[in-house]
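Those letters in the sequence shown? Residues 1 to 184, per full-length UniProt numbering, in order. C-beta: ideal position from N, C-alpha, C; glycine also. One structure below.
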Amino acid sequence: MVCSAIMTPAPHATPTIKLLTPADAARYRTIRLEALAAHPEAFTSTFEREREKPLAWFAERLATSDVFGAFIADELVGTAGFRREDGAKTAHKAVLWGMYVRPGARRSGTGRLLVDAIAAHAAQRVEQLHLVVVSENVAALRLYAAAGFVEYGRGVRALKHDGRYYDETLMALFFDGSGAIRPR
Ligand SMILES: CC(C)(COP(=O)(O)OP(=O)(O)OC[C@H]1O[C@@H](n2cnc3c(N)ncnc32)[C@H](O)[C@@H]1OP(=O)(O)O)[C@@H](O)C(=O)NCCC(=O)NCCS
1 MVCSAIMTPA
11 PHATPTIKLL
21 TPADAARYRT
31 IRLEALAAHP
41 EAFTSTFERE
51 REKPLAWFAE
61 RLATSDVFGA
71 FIADELVGTA
81 GFRREDGAKT
91 AHKAVLWGMY
101 VRPGARRSGT
111 GRLLVDAIAA
121 HAAQRVEQLH
131 LVVVSENVAA
141 LRLYAAAGFV
151 EYGRGVRALK
161 HDGRYYDETL
171 MALFFDGSGA
181 IRPR
């Protein structure tokens, strides 16, 4: 069991948001595996795939990706990742991925702080920030909409887990002031 030994933070403490480094690999691995195990439908990757990875793999991810962590009293209670597209014609875009807040820290603004940190980071680097979210994940949909993301499409039966299909909602945040795509 991945999360049995994790302390539950005091509710409503204000987290500090920091960019994670390879030195955070052990606690990043713990929270990442907890997220994948508890919410298999919310992430494209799987617990089974990542639990096999050595600690060095998580350290390498933190060295090569921009992953933000939310800390309460030195405990890592949430994460969110930023990845810029690297194609010649897609480098104006980035993706928000790996959004997770531990149950004990939810509903007190931690998720919003992480989204805002990623958005501020992205605004310095790209023109638009994209994400995909399972269409029945009401908490995440509301969080992203409140942070300014707009829906621009839907991936039908985008994921299949344990024999069940999940649609995905495609969302983006635009930094050029255009506001949005307006679906017809
Ligand atoms: C989605 C998630 C990251 C939200 O984190 P959080 O720290 O609870 O979010 P916040 O406290 O910052 O909430 C911000 C807003 O999101 C919405 N929201 C968050 N949780 C909600 C819930 N359970 N039900 C409805 N709306 C919710 C609300 O609009 C909220 O604003 P409000 O508190 O003023 O009403 C968290 O529930 C989580 O980790 N879920 C499991 C993993 C997951 O689904 N990740 C997203 C993958 S795309």
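Per DSSP, the bridge partner or partners of residue i
{"i": "GLU151", "result": "MET171"}
{"i": "PHE58", "result": "None; PHE58 has no bridge partner."}
{"i": "ARG84", "result": "ALA94"}
{"i": "VAL101", "result": "GLY78"}
{"i": "ASP66", "result": "PHE82"}
Beta carbon of residue i nearer than 8 Å to that of residue j
{"i": "LEU114", "j": "ALA145", "result": "no"}
{"i": "GLY87", "j": "ALA105", "result": "no"}
{"i": "GLY155", "j": "VAL132", "result": "yes"}
{"i": "ARG102", "j": "ILE31", "result": "yes"}
{"i": "PHE149", "j": "ALA172", "result": "yes"}
{"i": "TYR28", "j": "LEU76", "result": "yes"}
{"i": "ASP66", "j": "HIS130", "result": "no"}
{"i": "ALA68", "j": "LEU19", "result": "For clarity, residue 68 is Phe in the given sequence; the question names Ala instead. The answer is yes: Cβ separation under 8 Å."}
{"i": "residue 207", "j": "ASP176", "result": "Residue numbering for the chain in the displayed model covers 1 to 184; residue 207 lies beyond these limits and cannot be assessed."}
{"i": "ALA91", "j": "ILE17", "result": "no"}
{"i": "ALA25", "j": "ALA80", "result": "no"}
Close-in-space but distant-in-sequence residues of the same chain around residue i (CB under 6 Å, 5 per side omitted)
{"i": "ALA63", "result": "PRO22"}
{"i": "ALA147", "result": "VAL115"}
{"i": "ALA35", "result": "TYR100"}
{"i": "TYR165", "result": "ARG157"}
{"i": "LYS53", "result": "none"}
{"i": "PHE174", "result": "GLN128"}
Same chain, Cβ closer than 7 Å to residue i, five either side skipped, listed in chain order
{"i": "PHE47", "result": "LEU33, LEU36, ALA37 and PRO40"}
{"i": "ASP110", "result": "Looking at the sequence shown, residue 110 is not Asp but Thr. Same-chain partners within the cutoff: PRO15, ALA70, VAL77, GLY78 and VAL101."}
{"i": "ASP167", "result": "SER135, ARG154, GLY155, VAL156, ARG157 and ALA158"}
{"i": "LEU143", "result": "GLY111, ARG112 and VAL115"}
Proximal residues to residue i (C-beta, below 8 Å), its chain only, five neighbours per side dropped
{"i": "ARG83", "result": "SER65, ASP66, ALA94, VAL95 and TRP97"}
{"i": "HIS161", "result": "PRO40 and GLU41"}
Mind pulling the alpha helix (DSSP H) runs of 4 or more residues that sit fully within the stretch 108–140? 110–123
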